[in-house]
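Residue numbers (mature numbering (1 follows the signal peptide of the UniProt record, and there is no 0)): -18 to -1, 1 to 150. Don't be surprised by glycine CBs; every beta carbon is placed ideally from N, CA and C. Predicted, not measured: the structure shown is a model, and the values here were computed from it. What follows is a set of notes on a single structure, which appears directly below.
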């Protein structure tokens, strides 16, 4: 029974882990926009940028020149790349990515998404939980987290999805 429960917990933790980064791509950090008042940042978020052909969406156009801009930062880089932007939490802006290769160009908007980092991300999200318990050995709870004491449910972070800029 314990092995089954451990397997279930590990499987759910794998589901909560999120996307996998392509660390083989070059990392680019944007510079701040002059005169912008930056909100507090906690760590970094990653945006994987790829330029693709409109005629063949599966065909990546390596070497396209790109610009990523937002109210707080701006970066010029060559696609494909990993754009490492400050994690501004709830103040995270939508990022505009514009790319060009020869006469073909295009742009895309990348909106931030809220996510959990660390812990099990609040598992179980809703419902009844029977945990390992507290000092009495019993832990039953309702809602976001229930059962046990001293366990971490993670922290909220902001993540950006990967973006494919279609060049026409």
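Annotation for residue 149: the continuous beta strand (DSSP E) segment containing it runs 145 to 149.
The stretch 41 to 113 is shown to contain whole beta strand (DSSP E) runs of 3 or more residues at 47 to 51, 55 to 60, 63 to 68, 77 to 83, 86 to 92, 95 to 99 and 110 to 113, in chain order.
A straight line joining the alpha-carbon of residue 99 with that of residue 35 spans about 34 Å. Counting only the Cα atoms, residue 147 lies some 27 Å from residue 23. A distance below 7 Å separates the beta carbons of residue 142 and residue 29. For the 7 Å CB-CB criterion, residue 71 and residue 19 do not form a contact. The beta-carbon separation of residue 86 and residue 150, rounded to 6 Å, stays under the 8 Å limit for a contact.
Here the alpha carbon of residue 55 sits roughly 32 Å from the alpha carbon of residue 37.
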